[in-house]
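Residue numbers (the UniProt record's numbering): 1 to 217.
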């Protein structure tokens, strides 16, 4: 594994490390019900997972006025704060241990807010594993490359030595826009067939497969 050119691994959060799809959908439904707005289809909600929350709401509810979109955002955050983090995908802690033992530096680029990510990191006990993180309220939302640029600058790592791991087209497009290679997490929100359209270096069916892929790359 030490022969790989990658030294920095940047992970998406929702759908890549944490199995939060069901929770995100439920929180959007609850926020809609509270103010009498028609629920969106689950498939439509899946497609915005990974975007910053304000942009996700604007995409899902283009017919709503600014006041109602703010009410949906407030309701979503209320339900998020009231519930514990979702479970990690199988193999996440063990994979992170092996990666750190091999000397990789690791970061997170997420559509979550800083407050939301810090809550999840605390709930899951993963805070210590990621010394550098970027959130959607600190940089433009994916697929803009700003989050990756910020992480690479802080770590002093070149794009050619950076690998993005994510489960949506938003992650893969962000990586492409930043000049960074990407690996798709096909076990997350969007499936293998959809993700292959964006030409990732590989598609993983489980997070531990990243170890083998890095050894062979």
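C-beta: ideal position from N, C-alpha, C; glycine also.
Have a look at the DSSP bridge pairing and note the partners of residue 203.
-> On the chain shown, residue 203 is found 203 positions in, with the first residue counted as 1. Looking at the DSSP assignment, residue 203 forms a beta bridge with 184.
Using the beta-carbon count (16 or more within 10 Å), is residue 185 buried or exposed?
-> Position 185 of the chain shown, counted from the start, is the residue given in the question as residue 185. So residue 185 ends up on the buried side.
Looking at the unbroken beta strand (DSSP E) that takes in residue 37, where does it start and where does it end?
-> Reading the chain shown from its first residue, position 37 is the one you call residue 37. Element bounds for residue 37: n/a, residue is neither H nor E.
Report the option in 67, 40, 124, 97 whose CA atom is closest to the CA atom of residue 87.
-> Here residue 87 is taken as the residue at index 87 of the chain shown, counted from 1. Selected option, being the one with the closest Cα: 124.
Touching by the beta-carbon criterion (3+ pairs, under 8 Å), the region 102 to 111 and the region 75 to 92 = no
Straight-line gap, residue 218 to residue 70 (C-alpha atoms, nearest Å) = Here the chain comprises residues numbered 1 to 217, so residue 218 is not present and cannot be evaluated.
Rounded to a whole number of angstroms, what is the C-alpha to C-alpha distance between residue 216 and residue 160?
-> Counting from one through the chain shown, the residue named residue 216 turns up at place 216. Counting from one through the chain shown, the residue named residue 160 turns up at place 160. Rounded to the nearest angstrom, the two C-alpha atoms are 17 Å apart.
Pull up the distance between the alpha-carbon of residue 48 and that of residue 56, whole angstroms please.
-> Residue mapping note: residue 48 aligns to position 48 of the chain shown, counting from 1. Residue mapping note: residue 56 aligns to position 56 of the chain shown, counting from 1. Cα-Cα distance, rounded: 5 Å.
Would you report the Cα separation of residue 157 and residue 181, rounded to the nearest angstrom?
-> In the chain shown, residue 157 corresponds to position 157, counting from 1. In the chain shown, residue 181 corresponds to position 181, counting from 1. The alpha-carbon of residue 157 is positioned some 13 Å away from that of residue 181.
Separation of residue 67 from residue 24, as counted between CA atoms | Walking along the chain shown from the start, residue 24 turns up at place 24. Walking along the chain shown from the start, residue 67 turns up at place 67. The alpha-carbon atoms of residue 24 and residue 67 are separated by roughly 21 Å.
Taking 8 Å as the cut-off, does the CB of residue 82 come closer than this to any heavy atom belonging to the ligand NAD?
-> With respect to the ligand NAD, the structure shown offers nothing to examine, as it has no ligands at all.
What is the DSSP secondary structure of residue 107, reduced to helix, strand or coil?
-> Within the chain shown, residue 107 is the residue found at index 107, counting from 1. Residue 107 falls in the strand class under three-state DSSP.
Less than 8 Å between the CB atoms is what I'm expecting for residue 200 and residue 94, so what's the real figure, rounded?
-> The residue labelled residue 200 in the question sits at position 200 within the chain shown. The residue labelled residue 94 in the question sits at position 94 within the chain shown. The Cβ separation is near 23 Å, so there is no contact.
Is there contact between the region 33 to 47 and the region 136 to 155, where contact requires at least three CB pairs shorter than 8 Å?
-> no
Residue 177 versus residue 195: straight-line alpha-carbon distance, rounded = For the purposes of this step, residue 177 is taken as residue 177 along the chain shown, with counting starting at 1. For the purposes of this step, residue 195 is taken as residue 195 along the chain shown, with counting starting at 1. About 16 Å.
If you drop the 5 nearest sequence neighbours on each side, which residues of the same chain put their C-beta closer than 7 Å to that of residue 20?
-> On the chain shown, residue 20 is found 20 positions in, with the first residue counted as 1. Correct list, in chain order: 14, 86.
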